[in-house]
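One structure below.
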Amino acid sequence: MEGLAAGVAGGVVDGVLEDPVQDHVDQLDAVRDGAVVAEPPLPAAQLIVTVPVLGLPGVRNEPGELAGHGPITEETARKLLAGAGTFLRLLVDPVTNTPV
1 MEGLAAGVAG GVVDGVLEDP VQDHVDQLDA VRDGAVVAEP PLPAAQLIVT
51 VPVLGLPGVR NEPGELAGHG PITEETARKL LAGAGTFLRL LVDPVTNTPV
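Reading the sequence shown from the start, the letters are residues 1 to 100 in the numbering used here.
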């Protein structure tokens with residue numbers, strides 16, 4: 001019983017966090033203070049990057065757009081794509097900006 005009481009007092013029961021939201025808040029505080037947090041993994045971010053179809057392979061020198069930020073270079077767009085676990089390609093009309 002002492003082990004269970006110690007686990008509950010520490011916020012962990014049978015290796016499971018009682019409050020994962022608070023754990024993420026604690027991790028963000030630690031990162032802000034300069035710590036490197038390795039476990040448990042932080043939630044993945046979702047970035048929305050719009051890139052001209054000929055800009056990504058380098059055929060044209062056209063900037064991309066990072067939603068919520070603004071223009072980014074095609075090199076930055078390529079780096080973001082290379083580091084992405086998944087991506088979705090959606091072609092849009094360059095004049096009307098509607099999907100084709």
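Cβ coordinates follow ideal geometry from the N, Cα and C atoms, glycine included.
For a cut-off of 8 Å, the C-beta gap from Val-51 to Ala-84 is around 12 Å, too long to register as a contact. Excluding five sequence positions before and after Leu-54, the CB atoms of its chain that fall closer than 8 Å to its own CB belong to Arg-60 and Glu-62, given in chain order. Thr-50 is bridged by DSSP to Glu-65. Nearest neighbour of Ala-67 by Cα position, chosen from Gln-46, Val-31, Val-95 and Gln-22, turns out to be Gln-46. DSSP places Thr-76 in the uninterrupted alpha helix (DSSP H) bounded by 74 to 82.
Val-59 sits in coil when the DSSP states are folded into three classes, being neither helix nor strand. Shown here, Val-21 sits in a helix according to DSSP, grouped into three states. Take Leu-80, set aside five residues on each side of it, and the residues of its chain with a beta-carbon closer than 7 Å to its own are Leu-47 and Val-49, in chain order.
Under DSSP, Gly-70 shares a beta bridge with Leu-66. The alpha-carbon of Val-31 is positioned some 10 Å away from that of His-24.
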